[in-house]
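Chains as they are written, first to last, in the working numbering: chain A, 405 to 516; chain B, 42 to 153.
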Amino acid sequence: AQSVTQPDIHITVSEGASLELRCNYSYGATPYLFWYVQSPGQGLQLLLKYFSGDTLVQGIKGFEAEFKRSQSSFNLRKPSVHWSDAAEYFCAVGSNDYKLSFGAGTTVTVRA
Amino acid sequence: EAGVAQSPRYKIIEKRQSVAFWCNPISGHATLYWYQQILGQGPKLLIQFQNNGVVDDSQLPKDRFSAERLKGVDSTLKIQPAKLEDSAVYLCASSLAEDTQYFGPGTRLTVL
């Protein structure tokens, strides 16, 4: 069975600063990896996904993530955060039958 | 393109009462998922439909939860009777060809 660990429960970052959210997964085969964002009272919006190919994936809203098989990681980055990036971020791993297992999430607070 | 629709957005009930949630997936999406998201946790899959057939309901508490997807489009999730620990956000998602899941806004259930 697959699983995801997001080590950081809460991160506070200044507007304009860079952001990196960590994600470690456990899965025996080649994983399908996703990052979703959830704003308060909203559903989950897909930021980006990795299925195969280039290990550096570009997403929406200026986010990118890098798949590192040797470290079982899929960290999310953004060079310069905006106040609107304050939200909860979920990493998920999909199995061969595309069932998703989510991490517990990281809450991002952006200070002015 | 319209997204995944869910209703109601909020529901408050007393324990032991029954409740039902409705989901309308993105047009043409054959696969539909129901997730339970307890506060502070990532979403957990309850049930997965492929058209109107159940693919996986291994995590559905079948003594009190039921779900159906008549005609392979809309779906309803029912809880009867509700318990305090059922307080959560219930998310519906749909996907085309089982790769990327798109989520609705969710229904926030409070059981008193």
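A virtual CB, placed ideally from N, CA and C, is assigned to each residue, including glycine.
Since the model is a prediction, treat every value here as computed from it, not as a measurement.
In three-state DSSP terms, what is residue i?
| i | result |
| --- | --- |
| Glu492/A | strand |
| Arg473/A | helix |
| Val111/B | Before going further, note that residue 111/B is Leu rather than Val in the sequence given. Three-state DSSP puts Leu111/B in a helix. |
| Lys465/A | helix |
| Leu125/B | helix |
According to DSSP, residue i sits in a beta bridge with which residue or residues?
| i | result |
| --- | --- |
| Gln47/B | Cys64/B |
| Arg149/B | Tyr51/B, Val130/B |
| Arg515/A | Ser418/A |
| Gln168/B | Because chain B is modelled from 42 through 153, residue 168/B falls outside the range shown and cannot be assessed. |
| Arg481/A | Glu424/A, Glu468/A |
| Leu460/A | Glu470/A |
| Leu450/A | Tyr440/A |
| Thr510/A | Tyr493/A |
| Phe144/B | Ala134/B |
| Gly498/A | Tyr436/A, Leu504/A |
| Lys171/B | Outside the displayed range of chain B (42 to 153) lies residue 171/B, so it cannot be described from this structure. |
Can you list, in chain order, the residues of its chain whose CB lies under 6 angstroms from that of residue i, leaving out five sequence neighbours each side?
| i | result |
| --- | --- |
| Tyr51/B | Arg149 |
| His414/A | Thr511 |
| Phe106/B | Ile120 |
| Thr151/B | Ile53, Ser128 |
| Pro483/A | Ser422 |
Rounded to whole angstroms, what is the Cα-Cα separation between residue i and residue j?
| i | j | result |
| --- | --- | --- |
| Gly420/A | Val514/A | 9 angstroms |
| Glu492/A | Thr510/A | 6 angstroms |
| Tyr74/B | Gln475/A | 30 angstroms |
| Trp439/A | Asn92/B | 26 angstroms |
| Gly457/A | Ser477/A | 16 angstroms |
| Trp487/A | Ala516/A | 7 angstroms |
Taking all protein chains shown into account, do 16 or more other C-beta atoms lie within 10 angstroms of the C-beta of residue i, making it buried, or fewer, making it exposed?
| i | result |
| --- | --- |
| Asp104/B | exposed |
| Gly498/A | buried |
| Pro66/B | buried |
| Asp489/A | buried |
| Ala405/A | exposed |
| Gln77/B | buried |
Can you list, in chain order, the residues of its chain whose CB lies under 8 angstroms from that of residue i, leaving out five sequence neighbours each side?
| i | result |
| --- | --- |
| Val96/B | Thr72, Gln89, Phe90 |
Tell me which residues share the same chain as residue i and place their Cβ nearer than 7 angstroms to its Cβ, disregarding the 5 neighbours each side in the sequence.
| i | result |
| --- | --- |
| His70/B | Ser135, Ser136, Leu137 |
| Pro146/B | Gln47, Arg50 |
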